[in-house]
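Heads up: the sequence lines are chains F and P, in that order. In short: position in the first sequence from 1, add 442, done, that's the working numbering. In short: position in the second sequence from 1, add 6, done, that's the working numbering.
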Amino acid sequence: QKEVEQNSGPLSVPEGAIASLNCTYSDRGSQSFFWYRQYSGKSPELIMSIYSNGDKEDGRFTAQLNKASQYVSLLIRDSQPSDSATYLCAAERGSSYKLIFGSGTRLLVRP
Amino acid sequence: DAGVIQSPRHEVTEMGQEVTLRCKPISGHDYLFWYRQTMMRGLELLIYFNNNVPIDDSGMPEDRFSAKMPNASFSTLKIQPSEPRDSAVYFCASSLVGTPGYGYTFGSGTRLTVV
């Protein structure tokens with residue numbers, strides 16, 4: 443079992459829809475979680491971090507964390523074609539500050 | 007701030023040659039990480055430093071790989087000798103760990119091709 447698992451996709455949604463990206467993790471000691479966006483041929487860029495159970499909103503993005511279920515998700519409201527990218531979920535291993543990344547979910551937003 | 011700076015952007019080398027990748031972290035960041043990304047294995051952590059000291063190199067695949075951080079503004083990842091299976095994109099990232107929402111800031115990466 444991979445430490446951080448994501449569905450590789452592609453997840454295809456129409457412009458204006460809500461995109462829902464999911465991630466599960468295996469290390470119950472993980473306390474911090476991150477979502478990164480990576481455009482093809484570019485480096486990952488941080489979108490959001492979340493540490494506490496519940497929801498965290500930032501503009502069109504909402505991160506959700508459920509530590510009991512070991513589940514993290516990212517919702518993108520009003521999806522735009524420019525949101526088409528690979529989204530990487532990362533979990534901090536214990537309190538080591540090491541981020542373990544999932545393999546990413548490719549999102550396609552259709553105009 | 008110029009962000010994390012990596013060089014070179016692209017490197018093509020022959021099998022058996024030595025390859026050196028370079029990284030300048032963001033000034034003031036106290037952690038530096040080296041990752042490798044391939045289609046098959048995704049992003050893999052190779053090694054990371056805290057205040058220039060290597061903390062964990064358990065991700066370094068073989069003794070052919072080595073990394074140094076002689077000062078707070080410079081790090082190198084060296085592969086000697088290089089092999090075709092080392093072909094990947096190598097990212098350097100830095101962070102000021104412990105600050106709210108810290109995350110990592112990644113450099114643009116070095117695309118390494120070993121032929």
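Even for Gly, the Cβ is constructed at its ideal location relative to N, Cα and C.
Check, Outcome
"Rounded separation between residue 70/P and residue 64/P - CA only", "13 Å"
"Terminal residues of the beta strand (DSSP E) in which residue 498/F lies", "496-500"
"CB contact check: residue 539/F to chain P, cutoff 8 Å", "yes"
"Under 9 Å (Cβ pairs) to chain F, residues found in the stretch 93-112 of chain P", "95, 97, 99, 101, 103, 104, 106, 107, 108, 109, 110, 111 and 112"
"C-beta atoms of residue 467/F and residue 506/F nearer than 8 Å", "no"
"6 Å CB neighbourhood of residue 84/P in its chain, flanking five on each side removed", "26 and 72"
"Counted within 10 angstroms of its Cβ, other Cβ atoms place residue 16/P as buried (16 or more) or exposed", "exposed"
"Short-range partners of chain F found in the stretch 36-56 of chain P, where Cβ spacing is below 7 Å", "37, 48, 49, 51 and 54"
"Close beta carbons around residue 18/P, own chain, < 7 Å, minus the five adjacent residues each side", "119 and 121"
"Bounding residues of the beta strand (DSSP E) (the contiguous stretch that carries residue 491/F)", "487-492"
"Rounded straight-line distance, which links the Cα of residue 551/F to that of residue 491/F", "23 Å"
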